[in-house]
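Engineer:
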Amino acid sequence: MRGTLFFSPLRYSLHINFFIKANFMKTLIRQTLIGLCFGMTLVSLSASAKNFETEQASEESAESEENFNGGFLKIGLGYKVEENPYNEGVNGVSLFVNGRYQWEGLFVEAFFGANERNEGLSIGYNFYNSEHWNFDIKTVMAHGNIYNEVYDVDKIFYQPLDSATMIGLQATGHYGQTTMQFLVAPYLIDAEVDDAVDNSLYASAWLGHSWQIKNWSIHASVGLEYRSSDILDYYYGISPEEATANFGQYQASSGIDLTTQISASYPISEDWLFESYLRYTDLADSISDSPVMRVAKNEPNRAEAMTEVGVLISYVF
Amino acid sequence: MKTSPLKQWKNISVNLCCQIVLVLTGMLYSLSAAAASPEIGLTLYSNQCVAVNQGMKCFVEIQVSWKITKPDDYCLFSSQQDSPLQCWRNSNQGKFEQEFVSDKNITFYLKQKYGDTQLMTNELKIVWVYKKNSRSPSSWRMF
């Protein structure tokens, strides 16, 4: 048995392999275009809704939005050690990009490394804010693309699967140094995945807390991510037609991934940060039990769970 | 009498070395003189404290030194408290060191012990990597 198992489950976007890179770029471009269309629709809706508001309400709205407008871009360079079942991991110098910009409620977020929410590019609209809670509608990559091509003893086991971008409702609560975030995303954007998945649901719940020790900022968080059985079966299930001698038929049930991260940041100057982090993700049983993952975890430089540790220096624009 | 090129080169090198030594000695002397006797005024050896997020308190070890022409009884104050940080009797210079914790700029000033006039001032600026407008409250921790 020989071949390649290339996965990009949510979070593992920047693979060195050509297939993954090409798929990632395709996904990124598609997501950006969809996001832009989505954003323009929201801008026009927002503009027409504003025409009906009273002058006073407009002033209040302008005042509150003024506080939320703005953003940052952080580019970091550091050393990362990563181990997971999806690819051969990373042990070397890495680039980290994180950023967010919001204008008039519309926002774009980029999570590429050194953050527990390693979700790539996301676009959304922040439509309601109260003292402690903020509500958004946004895109989220519920699962990355997967490319399996293995020459088994009887035939080729072949699964090229697109990433799943979804739209959902997000609520973020802030109580002192504690942040909680809940997301429910029932709508798939990717047509190819949508055609293959009947009941799609991605939901996540995150809880984070920050501490300050002198000028160090310590942050700990824990998150649960639920994916419906149809989504997991699309990526990990093996139909009778696809099944081979070593990759038998498999039907994945719904599952929950558990992620925990601890990180520390220290300001070197007004623009430079030193950061370090440790992240661990325990994948859902229905993922780990799949025949593909059972083989993958035993491949060289792979592991059953996802672990990542990194140190980096970042410039914040 | 003509000197050989080798000797000329040797003379130039010696001359250059002497000049470098002289310049370095001068620089070292001026540095040590500055350290030993600060300029007239109130000096902060660190005039900026950086914290990660706006609103976070910043911790900084501050060294303050002051020098004035006329010896008298002087007190050093900060904008954090009404009482003096330290007073000196019949002196024209002093040094003070302490850890400060603040989320606002701190002004240090020197007054005569029984006077109201601020004779000299300097400010410690508190800055943040992530300013308030760099983050919407709806965002997850991005850093």
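Read top to bottom, the protein sequences are chains A and B.
Using my numbering, the letters of the first sequence correspond one by one to residues 6 to 322.
Using my numbering, the letters of the second sequence correspond one by one to residues 22 to 164.
Ideal placement from N, C-alpha and C gives every residue a C-beta, glycine not left out.
1. In whole angstroms, what is the alpha-carbon distance linking A:Ser-259 and B:Glu-120?
2. Alpha carbon to alpha carbon, how far is A:Asp-294 from A:Asn-251?
3. Under 7 Å, CB to CB, which of the residues in the segment 298 to 322 of chain A have a partner in chain B?
4. For a contact meaning CB atoms closer than 9 Å, what does A:Ser-259 contact in chain B?
5. Taking the alpha carbon of A:Met-171 as the reference point, which residue from A:Lys-160, A:Gly-125, A:Gly-213 and A:Ser-135 has its own alpha carbon closest?
6. Check A:Pro-165 in the structure and name its three-state DSSP category.
7. Chain B partners of A:Glu-275, CB-CB under 7 Å?
8. Counting only beta-carbon atoms, is B:Glu-144 nearer than 8 Å to chain A?
9. Out of A:Asp-141, A:Leu-100 and A:Gly-97, which one is the CA nearest neighbour of A:Phe-73?
10. Which same chain residues, not among the five before or five after A:Phe-101, have their C-beta less than 6 Å away from its C-beta?
11. Give every residue of the same chain whose Cβ lies closer than 8 Å to the Cβ of B:Val-73, excluding the five residues on either side of it in the sequence, and list them in chain order.
12. Does the Cβ-Cβ distance between A:Gln-186 and A:Trp-211 come in under 8 Å?
13. Could you compute how far the alpha carbon of A:Trp-277 sits from the alpha carbon of A:Ser-319?
14. Please check if any C-beta of chain B sits within less than 8 Å of the C-beta of A:Leu-174.
15. Of all Cβ atoms in chain A, is any one closer than 8 Å to the Cβ of B:Phe-121?
16. For a minimum of 3 consecutive residues, which ranges assigned as the beta strand (DSSP E) are wholly contained in the segment 61 to 128 of chain B?
17. Is it true that the CB of A:Gly-110 sits closer than 8 Å to the CB of A:Asn-131?
18. How far does the beta strand (DSSP E) with A:Leu-229 in it extend, from its first residue to its last?
19. Kindly list the residues whose CB is nearer than 6 Å to the CB of A:Glu-93, restricted to its own chain and excluding five residues on each side of it in sequence; keep chain order.
20. If you reduce the DSSP assignment to three classes, tell me which class B:Lys-152 lands in.
21. Expressed to the nearest angstrom, what Euclidean distance is found between the alpha-carbon atoms of A:Ala-257 and A:Pro-272?
22. Which residues bound the alpha helix (DSSP H) around A:Arg-299?
23. Tell me, which residues are paired with A:Arg-122 by DSSP?
24. At the 8 Å Cβ level, is B:Asn-111 part of the contact set with chain A, yes or no?
25. In chain order, what residues of the same chain lie with their CB nearer than 6 Å to the CB of A:Leu-267, ignoring the 5 residues before and after it?
26. What distance in whole Å lies between the Cβ atoms of B:Ile-83 and B:Glu-118, which are believed to be in contact at a cut-off of 8 Å?
27. Note down, in chain order, all residues in the segment 74 to 88 of chain B with a beta-carbon under 9 Å from any beta-carbon belonging to chain A.
28. When the Cβ atoms of the segment 155 to 163 of chain A are set against those of the segment 186 to 196 of chain A, are three or more pairs found closer than 8 Å?
29. So with CB distances below 9 Å, who are the chain B contacts of A:Ser-222?
30. With a threshold of 16 other CB atoms inside 10 Å of the CB of B:Lys-91, please say whether the residue is buried or exposed.
31. For A:Ser-258, which of helix, strand or coil comes out of DSSP?
32. Give the range of the beta strand (DSSP E) segment to which A:Asp-141 is assigned.
33. Given a threshold of 16 other Cβ atoms within 10 Å of its Cβ, counted over all protein chains shown, does A:Asn-204 qualify as buried or as exposed?
Structural biologist: A quick look at the data gives this:
1. As a first step, residue 259 of chain A must be located in the first sequence, where it is residue number 254. As a first step, residue 120 of chain B must be located in the second sequence, where it is residue number 99. Their Cα atoms are separated by approximately 54 Å.
2. Sequence index remark: in the first sequence, residue 294 of chain A carries index 289 (1-based). Sequence index remark: in the first sequence, residue 251 of chain A carries index 246 (1-based). Looking at the two C-alpha atoms, the distance is approximately 14 Å.
3. Val-321
4. For this step, residue 259 of chain A is matched to residue 254 along the first sequence. None at all; the shortest Cβ gap to chain B is about 24 Å.
5. Within the first sequence, the letter at position 166 stands for residue 171 of chain A. The candidate whose alpha carbon is nearest that of A:Met-171 is A:Gly-125.
6. As a first step, residue 165 of chain A is located in the first sequence; it is residue number 160 there, counting from the start. A:Pro-165: strand per DSSP, three-state reduction.
7. Here residue 275 of chain A is taken as the residue at index 270 of the first sequence, counted from 1. Near A:Glu-275 (Cβ distances below 7 Å), the residues of chain B are Val-71, Val-148 and Val-150.
8. Walking along the second sequence from the start, residue 144 of chain B turns up at place 123. It does not: the Cβ of B:Glu-144 has no partner Cβ on chain A nearer than 8 Å.
9. By one-based count along the first sequence, residue 73 of chain A stands at place 68. If you compare the alpha carbons of A:Asp-141, A:Leu-100 and A:Gly-97 with that of A:Phe-73, the shortest gap goes to A:Asp-141.
10. As a working note, residue 101 of chain A is residue 96 in the first sequence. Within the same chain, A:Phe-101 has close Cβ partners Gly-81, Gly-118, Ala-119 and Leu-317.
11. Here the question's residue 73 of chain B lines up with position 52 in the second sequence. The residues are Trp-149, Val-150, Tyr-151 and Phe-164.
12. For this step, residue 186 of chain A is matched to residue 181 along the first sequence. For this step, residue 211 of chain A is matched to residue 206 along the first sequence. Their beta carbons are under 8 Å apart, which means A:Gln-186 touches A:Trp-211 by this criterion.
13. As a working mapping, residue 277 of chain A is identified with position 272 in the first sequence. As a working mapping, residue 319 of chain A is identified with position 314 in the first sequence. Going by C-alpha positions, A:Trp-277 is about 6 Å away from A:Ser-319.
14. Position 169 of the first sequence holds residue 174 of chain A. Put simply, the CB of A:Leu-174 is far from chain B, with every gap to its CB atoms at 8 Å or more.
15. Translated into positions along the second sequence, residue 121 of chain B becomes position 100. Answer no: the Cβ-Cβ gap between B:Phe-121 and chain A never drops below 8 Å.
16. Residue ranges of uninterrupted beta strand (DSSP E) with 3 or more members, entirely inside the segment 61 to 128 of chain B and ordered along the chain, are 62 to 65, 69 to 74, 79 to 99 and 102 to 123.
17. Counting from one through the first sequence, the residue named residue 131 of chain A turns up at place 126. Counting from one through the first sequence, the residue named residue 110 of chain A turns up at place 105. It is a contact, given that the beta carbons lie within the stated cut-off.
18. Within the first sequence, the letter at position 224 stands for residue 229 of chain A. Residues 221 to 232.
19. Here the question's residue 93 of chain A lines up with position 88 in the first sequence. Here the set comprises Asn-306.
20. Reading the second sequence from its first residue, position 131 is the one you call residue 152 of chain B. Taken through DSSP and simplified to helix, strand or coil, B:Lys-152 comes out as coil.
21. Here residue 257 of chain A refers to the residue found at position 252 of the first sequence. Here residue 272 of chain A refers to the residue found at position 267 of the first sequence. In a straight line, the C-alpha of A:Ala-257 is about 45 Å away from that of A:Pro-272.
22. Residue 299 of chain A sits at position 294 when you count from the first residue of the first sequence. That run of the alpha helix (DSSP H) goes 296 to 301.
23. The residue labelled residue 122 of chain A in the question sits at position 117 within the first sequence. A:Arg-122 is not bridged to any residue.
24. Taking the second sequence and counting its residues from 1, one reaches residue 111 of chain B at position 90. By this cut-off, B:Asn-111 is not an interface position.
25. Against the first sequence, residue 267 of chain A aligns to sequence position 262. Correcting the residue identity first, residue 267 of chain A is Ile in this sequence and not Leu. Closer than 6 Å at the Cβ level, and outside the excluded window around A:Ile-267, lie Ala-225 and Leu-283.
26. Counting from 1 along the second sequence, the entry for residue 118 of chain B is found at position 97. Counting from 1 along the second sequence, the entry for residue 83 of chain B is found at position 62. That pair is a contact at about 7 Å.
27. Asn-74, Met-77, Lys-78, Cys-79, Phe-80 and Val-81
28. no
29. Indexing the first sequence from 1 puts residue 222 of chain A at position 217. Ala-72, Val-73, Asn-74, Met-77 and Phe-164, listed in chain order.
30. The count along the second sequence starts at 1 and reaches residue 91 of chain B at position 70. Looking at its Cβ environment, which holds fewer than 16 other Cβ atoms inside 10 Å, B:Lys-91 is exposed.
31. Translated into positions along the first sequence, residue 258 of chain A becomes position 253. Correct three-state label for A:Ser-258: coil.
32. In the first sequence, counting from the first residue as 1, residue 141 of chain A sits at position 136. Counting along the chain, the unbroken beta strand (DSSP E) around A:Asp-141 starts and ends at 138 to 148.
33. To locate residue 204 of chain A, count along the first sequence from 1; it is residue 199. Exposed, since its Cβ has fewer than 16 Cβ neighbours within 10 Å.
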